[in-house]
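So in this note's numbering, the last spot in the sequence shown is 759, and the numbers never skip.
We treat Cβ as the ideally placed atom computed from N, Cα and C, and that holds for glycine.
Right, one structure below, let's go through it.
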Amino acid sequence: MLQDFFLNLSSSLNSLPVITIWLFQIIFCYLSILLSLKFFGKTGIYVYVSIAIILANIQVLKVVEFPFFPEPMALGTILFISIFLCTDILNEYYDKKSATKCIYLGISAYLFSTIIMFLTISFNPIDPSIHQNWGWSYEMHQSITTIFLPQFPIIAASICAFFLSQKLDIFIFSYLKNKDNSKLWLRNNVSTIISQFIDNLIFSILAFNLLSSNPVPLFDLIVSYGIGIYLIRIILSLFDTIFIYLAKNFLPKNID
């Protein structure tokens with residue numbers, strides 16, 4: 504009965520404009536970051552990033568149409584962008600070391616989940632002709648395989664882009680903070696916008712051109728994927744400025 508409730512709810516949400524659900528996810532993710540900070544300190548941020556990087560790489564498998572862009576676009580952008588807010592919060596209110604640690608924890612969580620799900624797929628599924636009551640399990644195996652079977656180009660591109668862009672984000676943020684500690688909005692936006700460009704560029708070229716068995720021409724890749732996604736990332740980066748200021752009010756009383 505509970506499953507029927509969620510199926511009906513999902514069907515109802517499908518009727519809403521895609522931008523409405525998109526905006527709801529933005530608010531939900533950013534508020535989740537603030538609440539994680541409030542109740543668990545930087546440990547909460549570490550946990551959020553570890554979960555977000557795993558879910559973003561699953562969510563990116565779904566492509567939807569947005570009214571403001573002519574080509575269908577993959578999801579996952581919001582979750583990826585929110586990770587930059589997390590490292591900026593750690594860099595601003597804790598230290599550079601905490602932000603760097605967050606990167607390694609996120610990559611470790613992603614690799615761990617990839618290996619575990621690969622081992623899950625490797626178990627021989629039951630024969631539905633013998634175990635008829637468990638036929639649904641074989642169907643689940645097929646679905647899990649479709650979603651979680653590792654794709655080397657995507658994994659390699661994702662890790663390289665994430666690591667390099669995050670390291671750059673932390674470096675620029677720290678550099679600007681040392682130069683002028685009064686302009687939080689400036690270092691937050693400059694570091695994120697530049698690092699997002701690098702992230703988008705590296706991932707797009709590696710995943711869809713250099714490491715792909717069916718490479719997309721660079722020009723088409725930049726126009727249809729690079730520019731559209733990057734513009735959205737810039738908008739989200741500007742929007743998260745509000746939340747990095749709000750984060751000061753969500754710091755735990757005893758900063759860990």
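- The beta carbons of residue 548 and residue 589 sit closer together than 7 Å.
- In its chain, beyond the 5 residues on either side, 551 have a beta carbon closer than 7 Å to the beta carbon of residue 535.
- The C-alpha of residue 739 lies about 8 Å from the C-alpha of residue 581.
- Residue 577 counts as exposed, since fewer than 16 other beta carbons sit within 10 angstroms of its beta carbon.
- Exclusion of the five residues before and after residue 689 leaves 679 as the residues of its chain whose Cβ lies within less than 7 Å of its Cβ.
- In the DSSP assignment, residue 544 falls within the alpha helix (DSSP H) that extends over 521-562.
- For residue 601, the enclosing alpha helix (DSSP H) begins and ends at 599-625.
- The residue from 653, 693, 687 and 518 with its alpha-carbon nearest to that of residue 668 is 693.
- DSSP places residue 719 outside both helix and strand once states are collapsed to three, so it counts as coil.
- By the Cβ neighbour-count rule, residue 702 is buried, with 16 or more other Cβ atoms within 10 Å of its own.
- The stretch 650-659 makes contact with the stretch 613-624: 3 or more CB pairs, one atom from each, lie closer than 8 Å.
- By the C-beta density criterion, residue 685 is exposed, having fewer than 16 other C-beta atoms within 10 angstroms.
- At a Cβ-Cβ threshold of 7 Å, residue 583 and residue 695 do not count as neighbours.
- A contact is defined here as three or more CB-CB pairs under 8 Å, and the stretch 636-643 fails this definition with respect to the stretch 603-615.
- For residue 583, the enclosing alpha helix (DSSP H) covers residues 580-596.
- The shortest CA-to-CA distance from residue 569 to any of 745, 558, 748 and 735 is the one to 735.
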